[in-house]
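Colleague:
In this note's numbering, the protein residues as written are 5 to 246.
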């Protein structure tokens, strides 16, 4: 307001006329910023470009029944499946040592198989007790299949693999030993630890140091030597200190 208490107005031009239609508080409304609505990777959380499309799932390099393609994993999975499972988990998760999943596999699966064999061997056990033991072992087998299937699912997400031949948990419940061998072969084929990558080695330049001038060189040193030798033709220049 002016000194007289009256309001003063400004005449708007044609370009400034739309500003008159703005209501109080309208400019303070929240707006949508495109830079904040970015896509992020579900695995690592990094920002993805707008035109990014996730890679399609690839087939496995070997089949579920291709155990004979790798004799090492075949024999290990046949006689020591717990060791093979521990190696697979260690290769898949760097922060997990192989002995921890190996012990869990040995206690749950190999221990359950031994208990089932002992139950079938002893005929003096009550049939109802045998039925309860078998029911508990069957339930434990499916639980172990779910756990090992989650490991297989993590492998599929890491390398973008298809469900082959079916759901990961169902594969381990029905074809557990074949699935372990297939997973080991898949990581072995995709992890190239011994690959030689070409690289250029550049040596750093030598370190340069500032060294003082040699005292045995220069005009002062020559004049000093001639003066000390008593040269008759030597005439000392007073402008050059000795």
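Even glycine gets a Cβ: it sits at the ideal position worked out from N, Cα and C.
From a predicted model like this one, the values you see are computed outputs, not experimental measurements.
Out of 98, 55 and 66, which has the shortest C-alpha to C-alpha gap to residue 165?
Modeller: The residue with the shortest Cα to Cα distance from residue 165 is 66.
Colleague: Does the Cβ of residue 56 have 16 or more other Cβ atoms within 10 Å, making it buried, or fewer, making it exposed?
Modeller: Exposed, by the Cβ-count rule.
Colleague: Put residue 57 into one of helix, strand or coil per three-state DSSP.
Modeller: Note: residue 57 maps to coil in three-state DSSP.
Colleague: In terms of DSSP beta bridges, what is residue 43 paired with?
Modeller: DSSP, once it has assigned bridges, lists 52 as partnering residue 43.
Colleague: Quick one: measure Cβ to Cβ for residue 68 and residue 179, integer angstroms, because I've assumed they're closer than 8 angstroms.
Modeller: Contact flag correct, Cβ pair sits at about 6 angstroms.
Colleague: Return the residue from the list 43, 142 and 132 that minimises the CA-CA distance to residue 54.
Modeller: The option with the nearest alpha carbon to residue 54 is 43.
Colleague: To which residues of the same chain is residue 88 closer than 8 angstroms at the C-beta, ignoring the five residues directly before and after it?
Modeller: Excluding positions up to five away in sequence, the list reads 77, 80, 81, 184, 185 and 188.
Colleague: Compute the Euclidean distance between the alpha carbons of residue 102 and residue 211, then round it to the nearest angstrom.
Modeller: Between residue 102 and residue 211, the C-alpha separation is close to 48 angstroms.
Colleague: Just to confirm my understanding: we take residue 136, look at its own chain, exclude 5 residues before and 5 after, and list those with CB closer than 6 angstroms. What are they?
Modeller: Cβ within range, chain order: n/a, list empty.
Colleague: Should residue 172 and residue 153 be called a contact, given that it needs their Cβ atoms to be closer than 8 angstroms?
Modeller: Contact: yes.
Colleague: Check whether the Cβ atoms of residue 100 and residue 93 lie closer than 8 angstroms to each other.
Modeller: Going by C-beta atoms, residue 100 is nearer than 8 angstroms to residue 93.
Colleague: May I have the straight-line CA-CA distance separating residue 52 from residue 151, to the nearest angstrom?
Modeller: Roughly 31 angstroms between the two C-alpha positions.
Colleague: Between 114, 138 and 109, which lies nearest to residue 123 when the distance is taken from Cα to Cα?
Modeller: Checked all of 114, 138 and 109; the closest Cα to residue 123 is 138.
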